[in-house]
Amino acid sequence: MLKKITLVFTLFFIQLSYSQLPEGFVYVSDLIPDLKIELRYLGDNNFTGKPVPGYEAEKIILSKEAAIALQKVQRELENDGYCLKIFDAYRPQRAVNSFIEWARKPEDTLTKAQFYPEKKKSNLFNLGYIATKSGHSRGSTVDLTIIDAKTLKEIDMGGTYDYFGERSHHNFKEITATQKANREYLKNIMSKYGFRAYSEEWWHYTLRQEPYPETYFDFTIK
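Number 303 in the working numbering belongs to position 220 of the sequence shown; there are no gaps in the numbering.
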């Protein structure tokens, strides 16, 4: 009897949790419990230097289709002794709007040395590092890397997340053979399970058959 009551309460809280999301979206950790999360835009370790509007909890949200595909990626990585680490997934449109406002303030260069030392802030849109409409807001794009399952340390990709420069490009040649192999390893597994890479950012992937290709959502992450 106690087990039955516990199950009822568990199902109730799961249903309550998902009632906060639009239909078709899920919390990725419910499908991938051992997922490592470092939601950069929830804090100040990002190119704006401060928490981003729309991020209120360290929750990774994706369309159900993208989350299921990512679950398959995780399973294959685990067979090789690795796991996924997620920096960002679904991104509210209000967050993208805040990036636009940030870019309109040329005097704010607090994070330039870390995130865009070789680029002018005014050129970040034209160069494709920031967009007025982001695939993240459609719910099937994810920023990620790979970590060692035992040490939880990131494997060496030859560049850091959200670095706006050529070093982040998939075809960047001035990295070691190991770093290039690590990028290819991630790219091949993501491609195998339906994700396409973005040439300018080694960490950025979008589900090819995304369910909402024309819709940009703005619900809060909480």
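Glycine residues also receive a C-beta, built at the ideal position from the N, C-alpha and C atoms.
Just the Cα atoms here: how many angstroms apart are residue i and residue j?
{"i": "Ser100", "j": "Ala186", "result": "Residue placement at Ser100 is poorly supported in this model, since its pLDDT is 47, which falls under 50; the coordinates are not used for a value here."}
{"i": "Gln292", "j": "Gly277", "result": "7 angstroms"}
{"i": "Phe96", "j": "Glu257", "result": "With a pLDDT of 39 at Phe96, under the threshold of 50, the modelled position of that residue is not reliable, and the figure given next carries that caveat. Going from the Cα of Phe96 to the Cα of Glu257 covers about 50 angstroms."}
{"i": "Lys195", "j": "Ser251", "result": "16 angstroms"}
{"i": "Phe208", "j": "Ala214", "result": "6 angstroms"}
{"i": "Leu193", "j": "Ile183", "result": "16 angstroms"}
{"i": "Val156", "j": "Phe130", "result": "28 angstroms"}
{"i": "Lys142", "j": "Pro116", "result": "12 angstroms"}
{"i": "Pro296", "j": "Ala232", "result": "33 angstroms"}
{"i": "Glu121", "j": "Pro294", "result": "25 angstroms"}
{"i": "Gly241", "j": "Leu235", "result": "17 angstroms"}
{"i": "Gly211", "j": "Phe255", "result": "16 angstroms"}
{"i": "Asp191", "j": "Tyr246", "result": "17 angstroms"}
{"i": "Trp285", "j": "Gly126", "result": "22 angstroms"}
{"i": "Lys188", "j": "Asn206", "result": "13 angstroms"}
{"i": "Ser181", "j": "Gln262", "result": "33 angstroms"}
{"i": "Thr259", "j": "Asn265", "result": "10 angstroms"}
Between which two residues does the beta strand (DSSP E) containing residue i stretch?
{"i": "Ile143", "result": "Looking at the DSSP string, Ile143 is not in any beta strand (DSSP E), and its letter there is neither H nor E."}
{"i": "Phe278", "result": "278 to 281"}
{"i": "Leu290", "result": "284 to 290"}
Would you grab the beta carbon distance between residue i and residue j for me? Rounded to a whole angstrom, and I think it's under 8 angstroms.
{"i": "Ala178", "j": "Tyr124", "result": "6 angstroms"}
{"i": "Ala149", "j": "Leu290", "result": "4 angstroms"}
{"i": "Phe300", "j": "Pro134", "result": "Between Pro134 and Phe300 the Cβ distance is about 19 angstroms, and since that is not below 8 angstroms, they are no contact."}
I'd like the list of long-range same chain contacts for residue i, defined as Cβ closer than 6 angstroms, with 5 residues on each side in sequence excluded.
{"i": "Glu201", "result": "Gly248"}
{"i": "His219", "result": "Arg174"}
{"i": "Ile229", "result": "Tyr165, Ile238, Leu269"}
{"i": "Tyr281", "result": "His287"}
Near residue i, which residues of its chain fall below 7 angstroms by C-beta distance, leaving aside the five closest residues on each side in sequence?
{"i": "Thr303", "result": "Gly137, Glu139, Pro175"}
{"i": "Ser298", "result": "Note that residue 298 is Thr in the sequence shown, not Ser. Answer for Thr298: Arg221, listed in chain order."}
{"i": "Glu159", "result": "Ile272"}
Quick one: give me the first and last residue of the alpha helix (DSSP H) that residue i is part of.
{"i": "Asp113", "result": "111 to 114"}
{"i": "Glu184", "result": "176 to 186"}
{"i": "Thr192", "result": "Taken as a continuous stretch (DSSP letters only), Thr192 belongs to no alpha helix (DSSP H), as it is neither H nor E."}
{"i": "Tyr268", "result": "260 to 275"}
{"i": "Lys147", "result": "147 to 162"}
In chain order, what residues of the same chain have a beta carbon less than 8 angstroms from the beta carbon of residue i, not counting five sequence neighbours either side?
{"i": "Leu145", "result": "Phe108, Val109, Val111, Leu153, Ala172, Tyr173, Gly222, Ser223, Val225"}
{"i": "Glu267", "result": "none"}
{"i": "Lys119", "result": "Cys166, Leu167, Lys168, Ile169, Ile230, Leu235"}
Quick one: what's residue i bridged to in DSSP?
{"i": "Leu227", "result": "Ile169"}
{"i": "Glu297", "result": "Answer by DSSP bridge pairing: none, since Glu297 is not bridged."}
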